[in-house]
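Throughout, our numbering is defined as the position within the sequence shown, counted from one, plus 360.
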Amino acid sequence: MRKEELARLLDAVRTQELPVEEALNRLETLPFEDLGFARVDHHRSLRTGLPEVVYCPGKTPEQVVGIFAALARRSRPVIATRASEELFRLVQESVPDTVYDSAARMVFLPDPGAGESGLVAVVSAGTADLPVAQEAALTARLMGAKVETLWDAGVAGMHRLVPSMELLRRARVIVVVAGMEGALPSVIAGLVARPVIGVPTSIGYGAALGGITALLGMLTSCAAGVSVVNIDNGFGAGYLAALVNRSIPSGE
């Protein structure tokens with residue numbers, strides 16, 4: 361439940377459009393809803409401005425469906441990450457309006473009343489980094505940011521960044537997704553006066569060590585203004601970018 365929804369509920373009680381007993385019933389599970397296997401945090405939007413998100417790996421399909429449906433009864437957007445198309449079909453049986461993005465591997469219900477504001481740029485170093493980059497881009501968009509993307513702009517061909525410098529300068533925050541040695545966030549942070557969120561991916565040959573080399577490279581960046589999330593954590597980067605984006609006053 362968001363602040364706006366709570367305000368409407370209280371106003372409905374004030375105008376006697378909603379009985380007090382019904383309001384109490386709705387508020388009973390506002391802090392969280394106990395499903396037995398999970399305690400769904402309906403209060404998170406009120407605390408942080410953004411709802412709880414379902415991470416699918418490690419959960420049974422029935423658990424994912426149950427948590428997703430519980431969230432869908434109370435909030436928008438509803439997001440489940442790292443989901444297969446088969447899992448999407450199961451969720452859709454319970455929540456028919458659910459949408460699936462195969463590139464981002466996300467099941468979601470958008471917020472129909474939410475607009476897009478500010479600008480988050482999401483950049484991928486290579487095509488192999490796209491699943492993580494797509495996850496970041498869709499997350500930021502569902503969280504209310506306007507998102508523009510730039511794919512396959514890695515350091516092996518730096519000239520590919522030049523036509524997009526205007527986009528990078530317009531963005532409030534830039535998410536940069538890279539595997540191999542993870543150099544691209546440092547390059548971009550050295551070119552623009554914007555916060556850069558580096559996302560190391562597990563893409564690369566042997567000494568890339570499943571993303572550890574890219575992670576350490578980003579963490580030891582000599583360019584100021586680079587923050588780093590965990591390996592392959594496109595969701596975390598998109599979420600953080602949306603928070604940074606919304607913290608900047610409109611018009612800046």
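Backbone N, C-alpha and C define an ideal beta-carbon position, used for all residues, glycine too.
C-beta contact flag for residue i and residue j at 9 Å
i, j, result
"alanine 567", "aspartate 489", "no"
"glycine 431", "aspartate 461", "Reading off the sequence shown, one finds leucine at residue 431, where the question assumed glycine. Against a cut-off of 9 Å, the Cβ pair of aspartate 461 and leucine 431 comes out as no contact."
"proline 545", "valine 588", "yes"
"glycine 504", "arginine 606", "yes"
"alanine 657", "tyrosine 415", "The displayed coordinates of the chain run from 361 to 612. Any statement about residue 657 would go beyond what the structure contains."
"methionine 578", "glycine 594", "no"
"threonine 441", "glutamate 476", "no"
Presumed contact (8 Å Cβ cut-off) between residue i and residue j, rounded CB distance
i, j, result
"alanine 443", "valine 467", "4 Å"
"threonine 458", "leucine 469", "6 Å"
"glycine 585", "alanine 549", "5 Å"
"alanine 601", "valine 533", "5 Å"
Limits of the unbroken alpha helix (DSSP H) element including residue i
i, result
"glutamate 446", "445-454"
"alanine 584", "Taken as a continuous stretch (DSSP letters only), alanine 584 belongs to no alpha helix (DSSP H), as it is neither H nor E."
"isoleucine 534", "Note, isoleucine 534: premise wrong, no alpha helix (DSSP H); beta strand (DSSP E) at 533-538."
"glycine 572", "First, the residue type needs correcting, since residue 572 is isoleucine and not glycine in the sequence shown. First-last of the alpha helix (DSSP H) with isoleucine 572: 572-579."
"proline 417", "Premise fails: proline 417 is in no alpha helix (DSSP H) and is neither H nor E."
Of the residues the options, the one placed nearest residue i, counting alpha carbons only
i, options, result
"tyrosine 485", "Glu453, Met540, Arg529 and Gln452", "Note that residue 485 corresponds to alanine in the displayed sequence, not to tyrosine. If we check each option's Cα against that of alanine 485, Met540 comes out closest."
"histidine 402", "Pro417, Ile427 and Lys419", "Ile427"
"proline 391", "Leu378, Val380 and Leu406", "Leu406"
"threonine 509", "Pro491, Gly517 and Val604", "Pro491"
"tryptophan 511", "Val536, Arg404 and Leu370", "Val536"
"proline 456", "Val425, Gly478 and Ala463", "Val425"
"serine 454", "Ala464, Gln423, Leu479 and Gly478", "Gln423"
"leucine 637", "Leu369, Thr375 and Ala429", "With the chain represented from 361 up to 612, any question about residue 637 goes unanswered, as that position is not in the structure."
Residue i - containing beta strand (DSSP E), residue span
i, result
"isoleucine 427", "From DSSP, isoleucine 427 is part of no beta strand (DSSP E) but of the alpha helix (DSSP H) over 421-432."
"valine 507", "505-510"
"proline 560", "556-560"
"arginine 460", "Correcting the residue identity first, residue 460 is tyrosine in this sequence and not arginine. It spans 459-461 - the beta strand (DSSP E) in which tyrosine 460 sits, taken as one unbroken run."
"methionine 466", "466-469"
"glycine 478", "477-484"
"alanine 440", "438-441"
Would you call the region 435-446 and the region 395-413 touching, i.e. three or more CB-CB distances under 8 Å? Verdict: yes, contact present.
The region 517-528 touching the region 450-457, judged by at least three CB pairs closer than 8 Å: no
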